[in-house]
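Residue numbers (this note's numbering): 110 to 301.
Ideal placement from N, C-alpha and C gives every residue a C-beta, glycine not left out.
Read through the structure below, which is laid out as structure tokens, and then see the notes.
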């Protein structure tokens, strides 16, 4: 099963990287398999410092901002308990992990990790169709180079309906961020 969330990692200079990621998890949430692209900051950080924190969050605006490189400010964090890392202060749950093994043989490296500490700050908000629609729209926006524009526009139009019907201010802001990002991307020369 894949669970979408946020991963925080540090580079050797202790600079924080915040990246949405959907690891493969076991049902007990005791091990994760991450598959970042080798061009990503998460990949470089995990190679330099083989540990991080996976967060279960319900803040789709944060996910969209991080995925589209539109974070206006670094969210508040606190020090992890068992690893050298940072925990997002507004997450629902967090999982500190260490890399047990990795395979660099393809474009997406497979990092097999073991959870070494977990924590809980609050209950998850709950199911909301708009949150799921924003998550899908955000994932779509990270794949504009792979999906034909007509298909992107069609999917965004379909995802707009649950946002219009069930969104709160955060989901509306996140969906607007995603749709503006998509429009800006297609206006850039050479993007099609």
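What residue from the options has the CA that sits closest to residue i's CA?
{"i": "residue 234", "options": "262, 246 and 202", "result": "202"}
{"i": "residue 127", "options": "134, 141, 240 and 153", "result": "153"}
{"i": "residue 216", "options": "160, 149 and 240", "result": "149"}
{"i": "residue 251", "options": "133, 129, 123 and 272", "result": "129"}
{"i": "residue 114", "options": "120, 121 and 141", "result": "141"}
{"i": "residue 285", "options": "297, 298 and 266", "result": "266"}
{"i": "residue 289", "options": "299, 298, 276 and 262", "result": "262"}
{"i": "residue 279", "options": "255, 212, 238 and 210", "result": "238"}
{"i": "residue 136", "options": "224, 257 and 292", "result": "224"}
{"i": "residue 296", "options": "275, 276 and 258", "result": "258"}
{"i": "residue 219", "options": "139, 291, 151 and 120", "result": "151"}
Does the distance from the CB of residue i to the CB of residue j come in under 8 Å?
{"i": "residue 169", "j": "residue 244", "result": "yes"}
{"i": "residue 240", "j": "residue 167", "result": "yes"}
{"i": "residue 164", "j": "residue 190", "result": "no"}
{"i": "residue 132", "j": "residue 111", "result": "yes"}
{"i": "residue 195", "j": "residue 188", "result": "yes"}
{"i": "residue 247", "j": "residue 192", "result": "no"}
Considering only heavy atoms of the ligand NAD, does any lie closer than 7 Å to the CB of residue i?
{"i": "residue 255", "result": "Of the ligands one can find in the structure shown there are none, so the ligand NAD has no counterpart to examine."}
Which residue or residues does DSSP assign as beta-bridge partners of residue i?
{"i": "residue 226", "result": "205"}
{"i": "residue 284", "result": "Its beta-bridge partners do not exist; DSSP assigns none."}
{"i": "residue 247", "result": "BP columns for residue 247 are empty, so no partner."}
At least one CB of chain D closer than 8 Å to the CB of residue i: is that the case?
{"i": "residue 113", "result": "Absent from the structure is chain D; it holds one protein chain and no more."}
If you run the structure through DSSP and keep just helix, strand and coil, what is residue i?
{"i": "residue 236", "result": "coil"}
{"i": "residue 219", "result": "strand"}
{"i": "residue 172", "result": "helix"}
{"i": "residue 259", "result": "helix"}
{"i": "residue 254", "result": "coil"}
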